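For the sequence shown, position 296 matches number 295 in numbering that gives the first Met the number 0, and the numbering has no gaps at all.
Positions of the beta carbon are idealized from the N, C-alpha and C atoms, including for glycine.
Model, not experiment: these values are computed from the prediction.
Working notes, beginning with the structure itself.
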Amino acid sequence: MSEQNTVGAISQAIETARDSALQAIKSASDLDALRALGVELNKKESQLNSFKSDMGKLSSVEDKRTIGQLLNAAATLISTAIETRTGEFTELEISNRIARESLDLTELLTQRRRGHSHIVTQATQRLEDVFVGLGFQIAEGPEVETDFNNFEALNMPKSHPARSEFDTMFLEYGEPGSVLLRTHTSPVQIRVMKSWKPPIYAIMPGRVFRRDTPDATHMPVFHQIEGLVVDRGITFAHLAGTIEAFTKAFFGDDFSSRLRPSFFPFTEPSAEFDIRRADGEWIELGGCGMVHPNVLRSGGIDPEEFTGFAFGFGIDRMAKERHKVGDIREMYTNDLRFLRQF
Ligand code: FA5
Numbered sequence: 000m001s002e003q004n005t006v007g008a009i010s011q012a013i014e015t016a017r018d019s020a021l022q023a024i025k026s027a028s029d030l031d032a033l034r035a036l037g038v039e040l041n042k043k044e045s046q047l048n049s050f051k052s053d054m055g056k057l058s059s060v061e062d063k064r065t066i067g068q069l070l071n072a073a074a075t076l077i078s079t080a081i082e083t084r085t086g087e088f089t090e091l092e093i094s095n096r097i098a099r100e101s102l103d104l105t106e107l108l109t110q111r112r113r114g115h116s117h118i119v120t121q122a123t124q125r126l127e128d129v130f131v132g133l134g135f136q137i138a139e140g141p142e143v144e145t146d147f148n149n150f151e152a153l154n155m156p157k158s159h160p161a162r163s164e165f166d167t168m169f170l171e172y173g174e175p176g177s178v179l180l181r182t183h184t185s186p187v188q189i190r191v192m193k194s195w196k197p198p199i200y201a202i203m204p205g206r207v208f209r210r211d212t213p214d215a216t217h218m219p220v221f222h223q224i225e226g227l228v229v230d231r232g233i234t235f236a237h238l239a240g241t242i243e244a245f246t247k248a249f250f251g252d253d254f255s256s257r258l259r260p261s262f263f264p265f266t267e268p269s270a271e272f273d274i275r276r277a278d279g280e281w282i283e284l285g286g287c288g289m290v291h292p293n294v295l296r297s298g299g300i301d302p303e304e305f306t307g308f309a310f311g312f313g314i315d316r317m318a319k320e321r322h323k324v325g326d327i328r329e330m331y332t333n334d335l336r337f338l339r340q341f
C-alpha cells in the first residue's frame, strides 16, 4: 500500500473510532457509566490512542502532522462531549434531588396556623397572674450570678455541705469560683431585699442551671419561681395559707397542699411543699420556710423588726403535672406535634 493510501486509511479509522466514541458518550445512561467510559477512552490501549503508534510507521513529516492533528481534534471533541454530558447529568441530578426533597407547604399556607407561647412560658404567665391576684409584685434577677448572692448571702458559706446539693456551673470570670450560672432563683431574694424596703411581697420567676443529667423529671436548664414575703408579724401560718391559696388557684379546687419538715440553709424552719392530685397522689413541687435571720441581715433587713417566708418551686415540673406530661424532656425537643397540644 502506498503511504498516501495508508494515511487515508488511518484517517478514516480515526474518524470511525471518534464517531463511535461520541455515540457511546451520547448514549451513556448515567454519570457513573459516563465516568467509566471516560476512563476507558483515556486508556493507553484505547482504539484512538493506538493510532498514535501507527504514526511511527509514517515516514513523511507532512503525514505525521495530518494524523497528529486529526487525533488531537478527535481528543478535543471527545473531552468536550464528556464535559457537556457530565453537566447535563449533574443538572438532572440536582433537579431530581430538589423534587425529592421539596416540602409541600401549601397546607401551612392555607391553614394559617399561628404560633403560640411555649408550655413553660404559659405556666410562668399563669403563675404570675395567680400571684399578682394574691397581691404579689414580680421581680427578676440575672442568670449569671455571684457566688455571694447564690450561696454566701443565703447562709451557705464556702465550706457549707449544702452547696454540694447544687451541682454548680462556674464561669471563667474574675476570681475562680466567684461567678456562676445561678442554681436557683433564691439569689433574687437578696437583690430584692437590698433594693426594696419592707413590706415585700414578691415573686421572681426565671431560668436556672445545674449539672443534672436529663431524665423524666430533671433538666440541666429549668425554671423556678421564687416567692418572698417580708413584713411585720409574718408567721409560718401565713406561709401555709399562701401555699394552699396558690395550689387551689393554679391547679383547681380538687387539689390540696401539705408541708413536710425539711432543711434549707436559708430558711428556718424549712419545709418541702407537696400537692395532692385528684387521684390522691402526692407530688413534690418545691421548698419553703421562714427566712433565716442571717439571710434577712444579708439583705439589709433587721430580723428583730421584720420576719418573712420564702418558697421556690420548679415551673417545668408544675407544667408537667398540670398537663399530665409523662416526661419533662418532651417539653424541650421542639416537636411541634407535642407543643401544639398546649
Ligand atoms: C431550691 O432550689 C430552693 N432554692 C427552694 C427554696 C426557695 C427553698 C426558698 C426554701 C425557700 P430545690 O433544689 O429542692 O430547692 O429545687 C426546688 C424545685 O426545683 C424542686 O422541688 C423541683 O420542682 C425543681 N427542680 C430541681 N431540680 C430540677 C431539675 N433538674 N429539673 C427540673 N426541675 C428541678
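Work out the CA separation of residue j and residue i for me, nearest whole Å.
| i | j | result |
| --- | --- | --- |
| residue 295 | residue 136 | 19 Å |
| residue 103 | residue 124 | 35 Å |
| residue 36 | residue 334 | 48 Å |
| residue 246 | residue 133 | 12 Å |
| residue 57 | residue 11 | 16 Å |
| residue 199 | residue 243 | 20 Å |
| residue 340 | residue 213 | 23 Å |
| residue 347 | residue 140 | In the structure as shown, the chain starts at 0 and stops at 341, and residue 347 therefore has no counterpart that could be examined. |
| residue 115 | residue 100 | 28 Å |
| residue 159 | residue 173 | 22 Å |
| residue 129 | residue 233 | 21 Å |
| residue 156 | residue 278 | 42 Å |
| residue 255 | residue 175 | 45 Å |
| residue 16 | residue 107 | 57 Å |
| residue 161 | residue 263 | 8 Å |
| residue 95 | residue 30 | 14 Å |
| residue 55 | residue 62 | 10 Å |
| residue 171 | residue 112 | 44 Å |
| residue 236 | residue 257 | 12 Å |
| residue 83 | residue 38 | 16 Å |
| residue 239 | residue 150 | 25 Å |
| residue 222 | residue 110 | 33 Å |
| residue 302 | residue 182 | 26 Å |
| residue 19 | residue 45 | 12 Å |
| residue 325 | residue 241 | 28 Å |
| residue 193 | residue 131 | 21 Å |
| residue 105 | residue 117 | 25 Å |
| residue 201 | residue 332 | 32 Å |
Return the chain-ordered list of same chain residues with a C-beta closer than 8 Å to the C-beta of residue i, the five sequence neighbours on each side being excluded.
| i | result |
| --- | --- |
| residue 13 | 47, 50, 66, 69, 70, 73 |
| residue 189 | 148, 152, 153, 294, 297, 298 |
| residue 216 | 316, 319, 327 |
| residue 21 | 76, 77, 80 |
| residue 89 | 30 |
| residue 348 | This structure gives no information on residue 348, because the portion of the chain shown stretches from 0 to 341. |
| residue 0 | Residue confidence for residue 0 is low, a pLDDT of 48 falling below 50, so the modelled location carries little weight and cannot support an answer. |
If you compare alpha carbons, which of the options is closest to residue i?
| i | options | result |
| --- | --- | --- |
| residue 227 | 309, 333, 264 | 309 |
| residue 286 | 89, 267, 181 | 267 |
| residue 265 | 292, 5, 196 | 292 |
| residue 196 | 327, 329, 325, 300 | 300 |
| residue 145 | 252, 204, 169, 205 | 169 |
| residue 314 | 303, 302, 330 | 330 |
| residue 25 | 223, 280, 87 | 87 |
| residue 248 | 126, 338, 323 | 126 |
| residue 64 | 44, 6, 163, 109 | 6 |
| residue 323 | 280, 28, 110 | 280 |
| residue 92 | 42, 253, 201, 28 | 28 |
For residue i, which residues from the same chain have a beta carbon less than 7 Å from its beta carbon, with the 5 sequence-adjacent residues on both sides left out?
| i | result |
| --- | --- |
| residue 283 | 271, 273 |
| residue 220 | 206, 208 |
| residue 261 | 269, 270, 271, 286 |
| residue 259 | 270, 271, 273 |
| residue 337 | 329 |
| residue 163 | none |
| residue 23 | 36 |
| residue 253 | 277 |
| residue 250 | 274, 321 |
If the criterion is Cβ atoms closer than 9 Å, does the pair residue i and residue j meet it?
| i | j | result |
| --- | --- | --- |
| residue 191 | residue 138 | yes |
| residue 321 | residue 122 | yes |
| residue 307 | residue 289 | yes |
| residue 180 | residue 119 | no |
| residue 53 | residue 97 | no |
| residue 165 | residue 230 | no |
| residue 40 | residue 85 | no |
In chain order, what residues of the same chain have a beta carbon less than 6 Å from the beta carbon of residue i, not counting five sequence neighbours either side?
| i | result |
| --- | --- |
| residue 203 | 138, 184, 187, 225 |
| residue 177 | 146 |
| residue 211 | 217, 219 |
Report yes or no: is there a C-beta of chain B within less than 9 Å of the C-beta of residue i?
| i | result |
| --- | --- |
| residue 334 | The structure shown contains no chain B; it is built from a single protein chain. |
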